[in-house]
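Data first, discussion second: the structure below is written as structure tokens.
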Amino acid sequence: MSKHGRRIRLTAGAAIALLGGGFAINAWMNRVPETRVYEGTVAGKPLLVGSDGRTLTLSIGWGCEKQPELVARESADAVKVSLRHTVPPGFCDPGGIGQITTHLNRPLGTRALNDASGKPAVHFDERDLLRPVFLPENYSPYPAGRMVHLPGLAPLPTDTPAWASGYRLGTGPEQGNLIISQTLRNSAPPEGRAALVKGHPAAITQSDPNGGPRSLTWSDGTYTFVVTTGAPPRLSDEELVRVAENLR
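So the sequence shown is numbered by our numbering: it starts at 1 and just counts up by one.
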């Protein structure tokens with residue numbers, strides 16, 4: 001074969017190899033991965049043990065996966081909780097925020113509550129959670145399963161039991177949010193407008209002087225409470241104090 005013929009064959013072979021490689025790269029880039037399922041820790045997320053001792057509720061945000069599941073494994077002396085994540089193939093959706101729940105076969109009682117690593121799971125006992133006896137007119141609890149979330153409200157601590165309850169004005173588009181948080185921690189109120197709640201010093205603060213959420217903070221010596229009014233129409237300072245005074 002002539003040199004010219006060999007060059008043609010080499011060039012054609014290189015082109016075929018390049019084309020084949022291109023198809024392989026394209027197939028690899030567009031491959032459809034399998035659904036991935038794994039379990040992770042609940043650490044760093046607010047956890048509530050219901051007043052029945054059997055209901056566990058976790059407040060969580062997620063993205064690029066299906067809504068996670070709360071899993072509980074029971075033994076005679078302990079309960080271990082974990083999060084089961086399911087990540088589907090392809091592009092992800094924006095995710096969401098919510099409260100997920102699981103139920104124990106029998107009340108937790110004196111059994112230890114641990115996370116997936118075997119360390120104690122920080123949790124709040126619903127029996128210690130104060131509820132408002134008074135709510136402003138047309139305010140009602142957030143729908144079941146909805147995570148309490150309000151821009152401008154500091155996140156709950158993860159190193160001590162804490163929980164938050166949410167209420168909203170009416171049943172239409174969300175507005176007039178009211179968030180009440182309770183943390184097992186004694187702390188001095190922040191700098192702000194001075195107030196008084198059940199004889200305890202309190203402060204009313206607002207991060208944005210032109211608007212935004214406004215909070216009433218105080219401590220009873222054991223718990224720190226924060227009552228926050230959110231989107232307009234916002235509650236007045238007097239209404240915040242009245243809600244706080246009527247927590248039972």
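The beta carbon of each residue, even a glycine, is placed where N, CA and C say it ideally should be.
Proximity of Ser187 and Ser215 at Cβ, strictly below 8 Å: no
When Leu129, Pro209 and Ala194 are compared against Ala203, the one with the closest alpha-carbon: Answer by Cα proximity: Ala194.
Sequence ranges, beta strand (DSSP E) only - wholly within the region 197 to 240, length at least 3: 200 to 206, 214 to 219 and 224 to 229
Leu108 to Glu74 span [Cα, whole Å]: 9 Å
Cβ pair count under 8 Å reaching 3, the region 57 to 72 against the region 81 to 95: yes
Whole-angstrom C-beta distance between Glu126 and Gly50, which should lie under 8 Å: 5 Å
Whether Pro143 touches Thr183 by CB criterion (8 Å): no
Asp77, DSSP secondary structure in three states: Three-state result, Asp77: coil.
Residues near Asp128 in its chain [Cβ-Cβ closer than 6 Å; skip 5 each side]: none
Arg54 beta carbon less than 8 Å from that of Leu104: Yes, they are a contact pair.
Arg168, DSSP secondary structure in three states: strand
Own chain residues within Cβ distance below 6 Å of Cys92, not counting five before or after: If we look at Cys92 and ignore the five residues flanking it on each side, its Cβ neighbours are Cys64.
Three-state secondary structure (DSSP) of Ala244: helix
Per DSSP, the bridge partner or partners of Ala195: Ala202
Backbone secondary structure at Arg84 - three-state DSSP: strand
Candidates Lys66, Ala72, Arg36 and Glu34: closest to Val42 by CA position: Ala72
Start-to-end residues for the beta strand (DSSP E) that takes in Gln99: Run containing Gln99: Gly96 to His103, per the beta strand (DSSP E) assignment.
Rounded C-alpha distance that separates Ala24 from Arg168: Its pLDDT being 40, under 50, Ala24 is placed unreliably by the model, and nothing is read from it.
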